[in-house]
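**Student:**
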Amino acid sequence: MKFVDEFRDPEVINTTADEIRRLAEGSRHYRMMEVCGGHTHAIYRFGLKDILPDNIELIHGPGCPVCVLPMGRIDDGLALATDPNVIFTAFGDMMRVPGMTGSPLEHKARGMDVRIVYSPADALKLAKANPEKHVMFFAIGFETTAPSTALTIMRARAEGIHNFSVFCNHVTIIPAIRAILDSPDMRLDAFIGPGHVSTVIGCRPYEWIAANEHKPIVVSGFEPLDMLQSIVMLLRQLKAGEAKVENQYKRVVPWEGNPAALKAMNEVFQLRPYFEWRGLGFISQSALRLRDSYAEFDAERRFDVPGVRVTDPKAAQCGEVLKGVLKPAQCKLFGKECTPEHPVGALMVSSEGSCAAYFNYEHRKAMASSLAWPA
Amino acid sequence: MCLAIPGKVLELFPGFPYLATVEVGGVRRKVDLGLLENDMPEAGDWVLIHVGFAMSKISETDALDQMQTLIMLGEGEQALQEVRGYGLEDPEPPKPS
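Heads up: the sequence lines are chains A and B, in that order. Per my numbering, residue 118 is the first one in the first sequence, and the count goes up by one each step. Per my numbering, residue 19 is the first one in the second sequence, and the count goes up by one each step.
1. Just to confirm before moving on: does the CB-CB distance between A/LEU388 and A/GLN402 stay below 8 Å?
2. What are the boundary residues of the alpha helix (DSSP H) that A/GLY164 is part of?
3. Which residues in the same chain have their Cβ closer than 6 Å to the Cβ of A/ILE348, if we skip the five residues on either side of it in sequence?
4. So does the segment 220-227 of chain A actually touch the segment 56-63 of chain B, counting three or more Cβ pairs closer than 8 Å?
5. Thinking C-alpha only, which one of A/GLN346, A/LEU443, A/MET465 is nearest A/LYS453?
6. Any Cβ of chain B within less than 8 Å of the Cβ of A/GLY155?
7. Taking only beta-carbon positions, decide if A/SER220 is within less than 8 Å of chain B.
8. Can you pull the chain A residues whose beta carbon is under 8 Å from the beta carbon of B/ALA38, in chain order?
9. Quick one: what's got a C-beta closer than 7 Å to A/ASP306's C-beta in the same chain, skipping five residues either side?
10. Of all the CB atoms in chain A, is at least one closer than 8 Å to the CB of B/GLU55?
11. Taking just the CA atoms, how far does A/LEU379 sit from A/ALA296?
12. Going along the chain, which residues of the segment 238-263 of chain A sit with their C-beta nearer than 7 Å to a C-beta in chain B?
13. Roughly how many angstroms lie between the CA atoms of B/MET19 and A/ASN202, to the nearest whole one?
14. Name the DSSP beta bridge partners of A/SER255, please?
15. Does any residue of chain A bring its CB to less than 8 Å from the CB of B/ILE23?
16. Count the other CB atoms within 10 Å of the CB of B/PHE31; is the residue buried (16 or more) or exposed (fewer)?
17. I'd like to check one pair, A/LYS250 with A/ILE204: are the Cβ atoms closer than 8 Å?
18. Taking only beta-carbon atoms, is B/GLU100 less than 8 Å away from chain A?
19. Tell me which residue opens and which closes the alpha helix (DSSP H) that A/ARG145 is part of.
20. Contact defined as beta carbons within less than 8 Å: I believe B/SER74 pairs with A/THR316. What is the distance between those atoms, to the nearest angstrom?
21. Rounded to whole angstroms, what's the CA-CA distance from A/TYR411 to A/ASN286? Just pull it up for me.
22. Evaluate A/HIS279 with the Cβ neighbour count: other Cβ atoms within 10 Å of its Cβ, from every protein chain shown; 16 or more gives buried, anything less gives exposed.
23. Leaving out the 5 sequence neighbours to the left and right, which residues in its chain are closer than 6 Å to B/TYR104 when beta-carbon positions are compared?
24. Leaving aside the five residues before and after A/PRO179 along the sequence, list all residues of the same chain whose C-beta is less than 6 Å from its C-beta, in chain order.
25. Tell me the DSSP secondary structure of A/ALA307 in three-state form.
26. Using a beta-carbon distance below 8 Å, is A/HIS158 in contact with chain B?
27. Against chain A, with Cβ distances strictly below 8 Å, would B/GLY44 count as a contact?
Dropping the structure here:
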């Protein structure tokens, strides 16, 4: 357990790991899904799978907002920005995601004004600084990020900025979990609940998972000890035949969520009737769009959106990996046509994507040794 | 990115209730406190920051642990790069209309 020495309280980690082994003893096979991309990354980085007994299986859920965005939406966003007066802005992890017409970075190389921003507030600032241009912000993210986009739009209104719009691809976590549970090829026993989404929505929205689906869910922090403790809590519930929502990440997540964040989201956004998710298909009420009262800031209403629908490359199995039906290495393209250097799908681009995480932590050594340097 | 970045609130601006200077690993930038309007931090408090907005208040101990976690996840540099990328400036006085 190499990471144990790097952390404080290695003793506590050891005792917790022992407790997991003790609780999991027996012939029962436990399937637990972590929904949040940050947890996926932590599981690989900390090698958690190696310290869990073989009968506990961790399955990666669709918690990477870059990964679940269908390719066509990237092409749509880029199409909106082909006007030379438009500045296309997005977070860094969007820049290399391939659309059918190329990634944002590739469009930049071909002359489009594409800029990385680290905050929607900076996209707005760019609009203020370039009054003769239009700044479009390609918004992605779950409920962790949506409130910040909402507040930025409210600030734009308050300051009378008119050359700013948002191409909104915010998605909501609960419908994704529901779609996973409804999926016939998924059998899950429990969930490790997202950490920072829950600081916004709180723990209440997960109650139906316990009450209606009888699956335990524990909202977890990101340290190895947090995740191990969460697994202990899940195992205890499973063994007792219980199903309830518990909060392991109390130091950050309030049960009722963040009222100011929820208020901002409700002020600016409404639910789309449906939205397409890579791998999960169309899910009703799973994504946000701007309300009519904020239509002037909605890129989809200010500009013509082509409405491109692109199926993933035939051989790529992004959808199945996203749903947790396939492990990353089971995709036919993994490690061959599709690597972090030349990704075919978003799961290999984003650091939260399970393919990138698996590749970087399990395959990096093998790849390095096979790289051929020019003579 | 799901992960949030811990920072220390250094300075607030009277008349601009949503703006604050925070420090993350020696880098100082302005962030928006609008999501904490129900429980505003003061100078000296620690907050978790995500895409330029403070998401929640946390203790100093938890903030230091969170930074350690980010570093262990190999995201310490990315976190600093994000914070360095925040471009909000000092609030300008309102222009005369």
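Idealized CB from N, CA, C, for every residue including glycine. On a predicted model such as this, the values are computed, not experimentally measured, just so you know.
**Tutor:** Inspection of the coordinates gives the following:
1. yes
2. No alpha helix (DSSP H) contains A/GLY164, which DSSP labels as neither H nor E.
3. ILE137
4. no
5. A/MET465
6. yes
7. no
8. Those do not exist, as B/ALA38 stays about 13 Å from chain A at its closest Cβ, beyond 8 Å.
9. TYR147, ARG148, MET149, LYS332, LEU355
10. yes
11. 23 Å
12. ALA238, ASP239, LYS242, THR261, THR262
13. Here the model assigns B/MET19 a pLDDT of 48, short of 50, so the residue's position is not dependable and the matter cannot be decided.
14. Reading the sequence as shown, one finds Phe at residue 255 of chain A and not Ser. Its beta-bridge partners are A/PHE284.
15. no
16. exposed
17. yes
18. yes
19. Premise fails: A/ARG145 is in no alpha helix (DSSP H) and is neither H nor E.
20. 5 Å
21. 16 Å
22. exposed
23. ARG47, GLY70
24. VAL185, ALA293, LEU439
25. strand
26. yes
27. no
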